[in-house]
Every structure is written in structure tokens, then in C-alpha cells.
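Heads up, the sequence shown is in my numbering, so the first residue is 97 and it goes up one at a time.
No residue lacks a Cβ here, since even glycine has one placed at the ideal position from N, Cα and C.
Since we're looking at a predicted model, the values are computed, not measured.
For reference, the structure discussed in these notes is given below.
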Amino acid sequence: MNAAAFVCPHCGARRAGADPGLAGKALSQDEVKAIIAVHGADAEPAQGLLPTLILPHPTTHGAARAVELVCTVIALPMVILGAVTIGLARRRIRRSAEQTTGELTPVLAASFLGGLGLYSVLSIAGISSTTRLALVVASIGALVIRGIIRARESTKRSRDLHVLAKPDPVPRPSRPQLPEARVVSAPRSSGPIVMTVAPARPVEAPRASSSGSPDEPSLLK
């Protein structure tokens, strides 16, 4: 059962002595599976001591990959002598070396065992002590630089796994689109415009009365 889960999503078994859920909150089955997947992705599989010290890291590229390869070539004699020393050791030590994870343990083991083996071989070859010490220090330094590069790549990979994806931007409400303005023009007549003026009504003259007024004097009649 995975140590990151309180309840196994497969069999439903509960882990004793663990708080329910995550920070006291209940989790669904899908959330438990997601936590197990992310938790298991952080830990790199055990490659063994010798492949860790010889093979390049799967995520290095560019200048980091070039420096890693150069350091691997420089430290290769010391790594081989350290692997021979471990091969001659007990079975339990060999099994522990095969299940090694990370970068610290392989670097320390190769620096100690391989350094002693390399110094002894150079001493048998009759090389001066100053040259022997310089070669051992250079090999250990190359191994340390290589381990730092690989450790940084592993940390970067773990950090990328925990980066939450940015949510999609919420689309802004679109304004209602008004219909396009349409200009309607009345057709113009092609001929000349003729203005007609109505004739004025004639003014009628006042009509004279045929019979005089009863109060009018008879002389004027």
C-alpha cells in the first residue's frame, strides 16, 4: 500500500495511524489515485550504483549534458575500480548497491572505494605521490560535479511535476452586436423640377345696392 494514501483505492484497506484524507479533508477515489500517481512520480526508480555513475541523466541536455559526459570520462577509472571493490564485497553490500537511489550515496561510495583503489594502482605503477594525489582529487571533483548536475535535473523534474496548470482565461461577455446601419436614399427624378404657382383669386368689387335705405332722403333717390 502506498504511504501517501490513507485508504487504498484498490482494496479499500485503511492505513493505521494516519489522519483521514488530506489535512483533515475527505478525498474521493480519483483524488487518492492522483496523489498516489504524483507521489510515485517524484521518486526515481533505483538504477543501481554503477549505472548511476556511468550512464547520463535522461533529462540533461545542452551544456549540462556535455559537462556530464566529460566528468564521466574523467572519473571512469576510479568508478571502475570502485565497482570492482564492491563486486568483491559481501552479497548484502552488492544488493544494497544495486538498489541505490539518488546521487549522494553513489558519489560517496565511488569516491572512497574508487579513490583508494586508484591511489593503490598508481602507486604500484610507480607514479609520484603528488601526481597520484592530483589524479585522485581530479577524479573525485569530476564525480562531484557530475552528481550536482544530475541532482539539479532531478529537482527540476520534481518541481515541474508539482506545478499546477494555469486555468484557462475566462472569456469576457461579448457585447450584443447591432445590425449594420443601412442608408436608404429616395430615387431622384432625372428631369427638371417644374414648380407650378396657383393663380391668385380676383378681387370682387363691392356691389351697389339697388334700393335706397328707408332713412335716406328722397332727393338722393
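DSSP three-state label for I245, please. Taking the first residue of the sequence shown as position 1, residue 245 is located at position 149. Note: I245 maps to helix in three-state DSSP.
Where does P298 sit, in a helix, a strand or coil, going by DSSP? Along the sequence shown, read from residue 1 onward, the residue named residue 298 stands at position 202. Residue state, collapsed to three classes: coil.
Closer than 7 Å: L239 CB and nearest the ligand GDP heavy atom: Because no ligand of any kind appears in the structure shown, any question about the ligand GDP cannot be addressed here.
Would you tell me roughly how many angstroms separate the C-alpha atoms of I150 and R268, rounded to the nearest one? The residue labelled residue 150 in the question sits at position 54 within the sequence shown. The residue labelled residue 268 in the question sits at position 172 within the sequence shown. Straight-line Cα distance between these residues: approximately 55 Å.
Whole-Å CB distance - L209 paired with I176, under 8 Å assumed: Residue mapping note: residue 209 aligns to position 113 of the sequence shown, counting from 1. Residue mapping note: residue 176 aligns to position 80 of the sequence shown, counting from 1. Going by Cβ atoms, the distance from L209 to I176 rounds to 11 Å, so no, they are not a contact pair.
Quick check: what's the CA-CA separation for L212 versus T251? Within the sequence shown, residue 212 is the residue found at index 116, counting from 1. Within the sequence shown, residue 251 is the residue found at index 155, counting from 1. Computed Cα separation, rounded: 31 Å.
Which listed residue (P152, E249, V232 and R297) has its alpha carbon closest to that of A171: Translated into the one-based positions of the sequence shown, residue 171 becomes position 75. Comparing Cα positions, the closest option is V232.
Continuous alpha helix (DSSP H) stretch holding I182: start and end: Residue numbering aside, residue 182 sits at position 86 when the sequence shown is read from its first letter. It spans A159 to G183 - the alpha helix (DSSP H) in which I182 sits, taken as one unbroken run.
Report yes or no: do three or more beta-carbon pairs, one from the stretch 157-173 and one from the stretch 234-247, lie closer than 8 Å? yes
Between which two residues does the alpha helix (DSSP H) holding A156 run? For the purposes of this step, residue 156 is taken as residue 60 along the sequence shown, with counting starting at 1. According to the sequence provided, residue 156 is Thr. The question's Ala does not apply to it. Per DSSP, T156 belongs to no alpha helix (DSSP H) and is neither H nor E.
Determine whether the beta carbon atoms of A178 and A205 lie at a separation below 8 Å. The residue you call residue 178 lines up with position 82 of the sequence shown. The residue you call residue 205 lines up with position 109 of the sequence shown. According to the sequence displayed, residue 178 carries Gly and not Ala. Yes.
Could you give the DSSP three-state label for I220: helix, strand or coil? Start at 1 with the first residue of the sequence shown, and residue 220 comes out as number 124. Note: I220 maps to helix in three-state DSSP.
Span separating the alpha-carbon of L218 from that of D126: Mapped onto the sequence shown, residue 218 falls at position 122. Mapped onto the sequence shown, residue 126 falls at position 30. C-alpha separation (whole angstroms): 59 Å.
By a C-beta neighbour count over all protein chains shown, 10 Å radius and 16 as the cutoff for buried, is P202 buried or exposed? Taking the first residue of the sequence shown as position 1, residue 202 is located at position 106. Result: buried.
Count the other C-beta atoms from every protein chain shown that fall within 10 angstroms of the C-beta of T227, then say buried if there are 16 or more, exposed otherwise. Taking the sequence shown and counting its residues from 1, one reaches residue 227 at position 131. The residue in question, T227, is exposed, as its Cβ has fewer than 16 Cβ neighbours within 10 Å.
What is the DSSP secondary structure of L151, reduced to helix, strand or coil? Here the question's residue 151 lines up with position 55 in the sequence shown. The answer is coil: DSSP assigns L151 none of H, G, I, E or B.
Cut-off 6 Å between Cβ atoms - residues of its own chain near L316, not counting five sequence neighbours on either side: Along the sequence shown, one-based indexing puts residue 316 at 220. For L316, the predicted structure reports a pLDDT of 48, less than 50, and the residue's modelled location is therefore unreliable. A value from the coordinates is still provided. Contacts found: none.
Just the C-alpha distance for T156 and L145, rounded to the nearest angstrom, thanks. For the purposes of this step, residue 156 is taken as the residue at position 60 of the sequence shown. For the purposes of this step, residue 145 is taken as the residue at position 49 of the sequence shown. So the alpha carbons of these two residues sit roughly 19 Å apart.
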